[in-house]
Amino acid sequence: MNDAVFSQPNTYDKHHTLPLPAGYLGLHFSYTVPCELRRIDKESPIRDETVEHVGRLAFHLSIPNKIDIDGALDHKTVTSLLSQYPNIPDRKLMFKNKNDPLFVSDDNPPQGLVTTTVLPTGPIHASFRSSRGIFKTYNRIYVVSSKMKFEFPVGHFVSKLIIPNLFELEGGLQTPDMLLQTLNHFWGVPNRKIVFQKEFPRGGVSTKILLPKGPTGILFYSDFEDKSGLPVVSTVLVESSAWQLNVPVDHTIKKVIIPNEITIERMGRRTVERVMEDYSEVEGRIIVLQEFRRDIPKTGATITITLPTGPLGIVLASLGDCLWIKRVKADSQLLYKIPAGYCVESFVIPGELELMGIEEVLSATYLSQILNDSSHISDRVLVLQQNKKDVRKRCNGTRFERELV
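The sequence shown begins at 11 in this note's numbering and counts up by one.
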């Protein structure tokens with residue numbers, strides 16, 4: 011005990027990761043929340059690499075293929091899980107310094123825990139219940155009981171369900187039947203995950219689905235009362251790929267992603283149907299559906315397109331604080347992919363150049379010259395907005411965040 015290392019003050023403000031080998035660790039934590047790494051046994055096999063973390067606060071624990079927990083970790087959670095899974099290699103603890111804003115102050119209470127649990131194939135051993143609100147759509151699922159109290163934290167809400175490489179469901183799941191029906195549908199898929207959070211999930215259900223090649227078996231309609239004309243799933247054909255993926259009926263298509271080609275957001279039914287058909291043989295197409303129309307921003311459409319090499323065959327125009335696609339030539343590679351009249355928001359050459367907003371794009375002449383000069387470069391990305399008012403500007407040096415398609 012006399013040779014143990016005790017906590018020391020530190021002044022850095024960054025994340026610190028400590029890889030944990032299988033077996034005995036010899037780490038000791040405080041009983042405060044979040045818990046502090048207080049000391050290390052002399053016999054610890056990771057003593058030398060752990061000394062720098064003494065005095066820091068634990069905020070993330072990862073047990074591969076079992077559980078990840080984020081937030082202000084307590085002594086019991088950390089020590090119990092490390093003891094429960096002692097022989098799993100590549101476990102990790104992450105720390106922050108005591109002065110990090112994530113942690114305790116009168117104005118900034120501790121962050122609620124977020125738990126990601128990896129499920130085995132077959133049934134799960136936990137009980138769920140739905141909260142009871144005035145309106146059914148505001149009900150949310152939470153854990154009532156489980157023998158695995160860390161993997162299924164009692165009282166915490168289900169915020170996300172992940173079926174790897176197939177399906178993600180996030181947001182306001184309303185009934186245990188909805189959760190269990192989805193889990194049962196994919197019962198044989200390994201590494202299914204449920205994400206739990208202490209806070210009440212807001213908004214309706216958002217579903218992200220990875221589609222295989224070929225026809226989807228999805229039929230759409232447009233709500234005549236919705237002027238945007240966004241497509242709503244009307245029918246999913248039995249035994250189709252969409253049926254096998256549990257695509258929900260009466261949910262609205264918010265986004266379609268065609269890898270390395272194009273992403274469209276908030277576009278009408280006919281456009282979505284055409285894009286799905288034109289790229290039916292592309293592997294890895296993704297659709298994002300929203301349960302409630304109110305959860306989709308009432309902005310215009312957005313197109314993010316990966317530009318081909320060679321001449322593009324588009325004519326740009328600019329006036330004042332706006333730059334737009336004036337015309338798409340009949341022999342253009344982008345014919346039927348981008349419409350005339352859309353405004354340019356940004357242009358990116360990954361790792362080389364990033365222009366955002368009219369302040370950086372400057373003019374039609376300037377951007378046209380850059381497009382011509384870079385015509386031999388692949389994976390260039392152009393982002394277009396339907397409405398001028400939706401064109402974003404760079405704020406505080408932020409970098410381009412649109413999905414590269």
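All residues carry an ideal CB built from backbone N, CA and C; glycine is no exception.
Rounded Cβ spacing between residue i and residue j (contact assumed at less than 8 Å)
i	j	result
V128	N175	Not quite, the Cβ-Cβ distance comes to about 14 Å (not below 8 Å), so this is no contact.
L92	F138	Contact flag wrong, Cβ pair sits at about 27 Å.
T226	S251	6 Å
F160	I267	Not quite, the Cβ-Cβ distance comes to about 35 Å (not below 8 Å), so this is no contact.
Rounded C-alpha distance that separates residue i from residue j
i	j	result
T89	N97	14 Å
R57	G198	41 Å
L363	E370	11 Å
S238	T312	13 Å
E283	Y231	10 Å
Y41	S216	38 Å
P318	K347	12 Å
P31	A136	30 Å
Y95	S156	18 Å
V248	Y152	31 Å
S72	P29	10 Å
K308	K208	30 Å
T87	R49	18 Å
N118	S328	With a pLDDT of 46 at N118, under the threshold of 50, the modelled position of that residue is not reliable, and no figure is offered here.
K403	I324	23 Å
F210	V292	38 Å
H166	D260	28 Å
I79	I335	47 Å
L372	P133	58 Å
N20	M158	Note that N20 scores a pLDDT of 42, beneath 50, so its modelled location is shaky and nothing firm can be said.
C162	T125	Rather than Cys, the amino acid found at residue 162 in this sequence is Phe. For F162 and T125, the distance between alpha carbons rounds to 8 Å.
T408	S54	Low confidence applies to T408: its pLDDT is 47, below 50, so where it sits in the model is not reliable, and the reading given next is rough at best. Whole-angstrom Cα-Cα distance: 43 Å.
D331	L103	49 Å
F105	V168	26 Å
M286	K108	50 Å
G65	V164	30 Å
S342	N382	14 Å
Option nearest residue i by Cα separation, candidates the options
i	options	result
F357	I315, K336, D84, G320	I315
V298	S290, E283, P307, T262	T262
I219	V43, E59, I77, G294	G294
K52	H38, G65, V43	H38
L377	V292, E287, V354, H26	V354
Q191	V154, N256, F234, R212	N256
Q184	N382, R150, R212, L221	R150
F177	M286, L221, V154, V168	L221
G418	L103, F69, T131	Any answer about residue 418 is impossible in this case: the structure gives the chain only from 11 up to 415.
V61	G81, G36, A82	G36
P186	P163, R212, S141, V164	S141
N194	G224, V154, T131, D236	T131
P241	R279, G320, I204, F234	R279
N270	L67, I296, E287	I296
D236	R212, M277, F206, N382	M277
P321	I380, I368, Q300	I380
T375	D341, L333, E59	L333
E46	R212, V154, H63	H63
D305	I272, D84, D288, R212	R212
Sequence-distant residues of its chain with Cβ nearer than 6 Å to residue i (five each side left out)
i	result
F302	G214
I173	F196, V199, R202
D100	P74
K265	E275, V298
L3	Absent from the structure is residue 3, since the part of the chain shown begins at 11 and ends at 415.
E180	K170, S216
N397	G310
L392	I315, L317, F357
D116	Reliability of the predicted coordinates at D116 is poor, the pLDDT of 45 falling under 50, and no value is obtained from them.
R337	V325, A350
V205	T126, S169, K170
Close Cβ partners of residue i (< 7 Å) along its chain, the five nearest in sequence each way excluded
i	result
I359	S384, I387, R390
Q395	G310, T312, Y352, C353, E355, V401
W253	G227, V246, L247
K399	none
T281	I274
T27	K102, M104
D233	V242
Interface flag, residue i vs chain D, CB-CB below 8 Å
i	result
Q94	The chain labelled as chain D is not found in the depicted structure, where only one protein chain is given.
Residue i beta carbon near the ligand MN (any heavy atom closer than 7 Å)
i	result
Y231	As far as ligands go, the structure on display features none, and thus does not contain the ligand MN.
8 Å CB neighbourhood of residue i in its chain, flanking five on each side removed
i	result
K339	G323, I324, V325, L345
G224	S251, S290, E291
G367	E355, S356, V401, R402, K403, R404
Check your understanding: Where are the alpha helix (DSSP H) runs, 4 residues long or more, that stay fully inside the stretch 54-119, in chain order?
Key -> 57-60, 85-94
Review point. In chain order, which beta strand (DSSP E) runs of at least 3 residues are fully inside the stretch 332-413?
Key: 332-338, 353-359, 363-366, 390-395
Check your understanding: Where are the beta strand (DSSP E) runs, 3 residues long or more, that stay fully inside the stretch 158-194, in chain order?
Key -> 167-173, 177-180
Exercise for review: Would you list, in sequence order, the uninterrupted alpha helix (DSSP H) runs of no fewer than 4 residues that lie entirely inside the stretch 260-343?
Suggested key: If we require 4 residues or more, the alpha helix (DSSP H) runs fully inside the stretch 260-343 come out as 279-288.
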